[in-house]
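Taking it in order: structure first as structure tokens, then the write-up.
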Amino acid sequence: MQRAGKSYEDHRAKRFISTNQRGGAKNSNTKKNRIQAKKEGVMREDPIVVFENVSKIYKMGEVSIPALNNVSLKIQNRRFSMVLGPSGSGKTTLLNIIGCLDQPTKGKIEVCGERVAEISDDKISEFRARNIGFIFQNFNLIPVLSAFENVEYPLTLLGMGASERRERGMSMLESVGLSDHARHRPNQLSGGQKQRVAIARALVKGPGLVLADEPTANLDSKTGASIIDLMHKIQEQYGATFVFSTHDPQLISHAQDVFSIRDGELIEHRSEGK
Ligand SMILES: Nc1ncnc2c1ncn2[C@@H]1O[C@H](COP(=O)(O)OP(=O)(O)OP(=O)(O)O)[C@@H](O)[C@H]1O
Ligand SMILES: [Mg+2]
Numbered sequence: 002m003q004r005a006g007k008s009y010e011d012h013r014a015k016r017f018i019s020t021n022q023r024g025g026a027k028n029s030n031t032k033k034n035r036i037q038a039k040k041e042g043v044m045r046e047d048p049i050v051v052f053e054n055v056s057k058i059y060k061m062g063e064v065s066i067p068a069l070n071n072v073s074l075k076i077q078n079r080r081f082s083m084v085l086g087p088s089g090s091g092k093t094t095l096l097n098i099i100g101c102l103d104q105p106t107k108g109k110i111e112v113c114g115e116r117v118a119e120i121s122d123d124k125i126s127e128f129r130a131r132n133i134g135f136i137f138q139n140f141n142l143i144p145v146l147s148a149f150e151n152v153e154y155p156l157t158l159l160g161m162g163a164s165e166r167r168e169r170g171m172s173m174l175e176s177v178g179l180s181d182h183a184r185h186r187p188n189q190l191s192g193g194q195k196q197r198v199a200i201a202r203a204l205v206k207g208p209g210l211v212l213a214d215e216p217t218a219n220l221d222s223k224t225g226a227s228i229i230d231l232m233h234k235i236q237e238q239y240g241a242t243f244v245f246s247t248h249d250p251q252l253i254s255h256a257q258d259v260f261s262i263r264d265g266e267l268i269e270h271r272s273e274g275k
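If you want it as structure tokens, here you go:
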């Protein structure tokens with residue numbers, strides 16, 4: 002089980018330190034060290050997502066709908082990556098497959114150092130709970146819970162004790178500028194505030210990978226830009242890998258990698274190398 006630090010920052014810092022120690026160690030390529038590295042997770046320089054010739058075909062009766070066609074890509078660890086494409090191009094399908102919410106029809110996938118097809122059905126939700134945070138277009142907050150309770154919920158699922166949940170939940174709410182709204186219910190928050198709670202909820206457990214499917218689609222353009230700005234700052238601060246989809250080419254200024262898809266095909270990968 003992953004050790005939980007006092008706060009999200011401690012937790013990420015521990016991961017970062019152990020990664021650097023591994024990288025700097027002499028004889029780091031011994032079999033023992035490789036096994037240890039695999040146990041501890043993905044190394045900094047490794048890609049966190051690898052797709053090899055991935056296709057997804059949905060079947061609706063007699064009709065086959067190709068949603069992804071032979072997509073190969075690598076998403077580098079600790080980057081801010083964007084999937085860009087028009088409606089129906091396959092963005093949600095791509096993110097759902099990365100997030101192990103859906104399986105490809107063909108091809109090989111590695112997420113957080115694991116060949117996810119080899120993880121059994123009963124272990125896959127645990128794998129998701131530990132490694133992946135999700136941010137949705139319509140926020141998906143639980144309406145009867147306060148902002149703080151929404152944020153601490155993933156920690157409850159991981160079996161964390163109440164005082165640590167409180168500390169990490171409040172520290173995360175503070176990171177998104179909402180510690181003074183901890184007791185508000187979702188219907189007492191603006192759209193941008195709801196999405197900030199959702200960002201805090203996705204990050205509170207310290208996942209290596211955060212997936213956001215059109216996180217700004219239900220926000221006005223100014224609030225949308227500020228949410229992207231916030232996600233980028235958080236990504237820089239904590240070092241998680243962010244992958245998000247959008248229709249909006251105006252949002253690409255923050256992206257370090259842009260994957261453009263059309264009709265299920267990856268037509269361009271642009272790396273800004275920031
Ligand atoms: N469950 C499903 N069953 C059948 N077809 C599907 C299913 N999900 C998606 N599709 C089809 O797969 C294609 C890609 O859909 P997808 O939702 O990935 O696109 P998208 O880029 O996310 O679009 P949008 O920007 O509108 O959200 C579309 O043609 C869509 O109709
Ligand atoms: Mg979509």
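Using our numbering, the first residue of the sequence shown is number 2, and each one after it goes up by one.
Positions of the beta carbon are idealized from the N, C-alpha and C atoms, including for glycine.
> Could you give the distance in angstroms between the alpha-carbon of Phe282 and the alpha-carbon of Gly240?
Replying inline: In the structure displayed, the chain extends from 2 to 275; residue 282 sits before or after that span and is not available.
> Just curious, the beta strand (DSSP E) that Gly86 is in, first and last residue?
Replying inline: Run containing Gly86: none; DSSP gives neither H nor E here.
> So, is Asn151 buried or exposed, given that buried needs 16 or more other C-beta atoms within 10 angstroms?
Replying inline: Classification for Asn151: buried.
>> The alpha helix (DSSP H) that contains Asn97, what's its start and end?
In response: Run containing Asn97: 92-99, per the alpha helix (DSSP H) assignment.
> CB Leu95 to CB His270, shorter than 8 Å?
Replying inline: Result no, Cβ atoms of Leu95 and His270 do not sit closer than 8 Å.
> For Asn219, which option in Ser88, Gln138, Ser65, Gly89 has the closest C-alpha, if you only look at C-alpha atoms?
Replying inline: Gln138
> For Ser191, does the three-state DSSP call read helix, strand or coil?
Replying inline: coil
> Out of Ala130, Thr242, His248, which has the shortest C-alpha to C-alpha gap to Asp258?
Replying inline: Thr242
> Could you give the distance in angstroms between the alpha-carbon of Leu69 and the alpha-carbon of Tyr59?
Replying inline: 10 Å
>> By the three-class DSSP mapping on this structure, what secondary structure does Ile120 have?
In response: Coil, per DSSP.
> Leaving out the 5 sequence neighbours to the left and right, which residues in its chain are closer than 7 Å to His182 when beta-carbon positions are compared?
Replying inline: Ala148, Leu190, Gln194
>> Taking 7 Å as the cut-off, is the C-beta of Asp264 nearer than that to any heavy atom in ligand 4?
In response: Inclusion of ligand 4 in the displayed structure is not the case, the ligand content consisting of ligand 1 and ligand 2 alone.
> Can you name the start and end residues of the beta strand (DSSP E) that Pro208 belongs to?
Replying inline: It is not in any beta strand (DSSP E) - Pro208 carries neither H nor E in the DSSP assignment.
> Which same chain residues, not among the five before or five after Ile99, have their C-beta less than 7 Å away from its C-beta?
Replying inline: Val50, Val112, Leu212, Val244
> The alpha helix (DSSP H) spanning Ala163 covers which residue range?
Replying inline: 163-176
> Are at least three pairs of beta-carbons, each pair with one atom in the region 116-132 and one in the region 173-181, less than 8 Å apart?
Replying inline: no
> For Asp249, is the beta carbon positioned less than 7 Å from some heavy atom of ligand 2?
Replying inline: No; taking the cut-off as 7 Å, the Cβ of Asp249 has no heavy atom of ligand 2 nearer than that.
>> Based on DSSP bridge pairs, tell me the residues matched to Tyr59.
In response: Ile66
>> Distance check for Arg80 and Leu210, CA to CA, integer angstroms please.
In response: 10 Å
>> Taking a contact to mean a Cβ-Cβ separation below 8 Å, would you say Ile235 touches Ile200 in this structure?
In response: yes
>> Short of 8 Å in beta carbon distance, which residues of its chain neighbour Ser88, apart from the five on each side in sequence? Order them along the chain.
In response: His248
> Distance, Cα to Cα, Ser56 vs Asp264?
Replying inline: 12 Å
> Glu127: which of Ser272, Cys101, Leu142, Gly86 sits nearest, CA to CA?
Replying inline: The shortest C-alpha separation from Glu127 is found at Cys101.
>> Strictly by DSSP, which residues pair up with Gln77?
In response: Pro48
>> As an exercise, report each continuous alpha helix (DSSP H) stretch of at least 4 residues that is fully enclosed by the region 218-274, in chain order.
In response: The qualifying runs are 222-239.
> Is any heavy atom in ligand 2 found nearer than 7 Å to the beta carbon of Thr93?
Replying inline: yes
>> Considering just the uninterrupted stretch of the beta strand (DSSP E) at Val112, what are its terminal residues?
In response: 107-112
> Buried or exposed: where does Asn78 fall if 16 or more other Cβ atoms within 10 Å of its Cβ makes it buried?
Replying inline: buried
> How should Gly62 be labelled, buried or exposed, when 16 other C-beta atoms within 10 angstroms of its C-beta is the threshold for buried?
Replying inline: exposed
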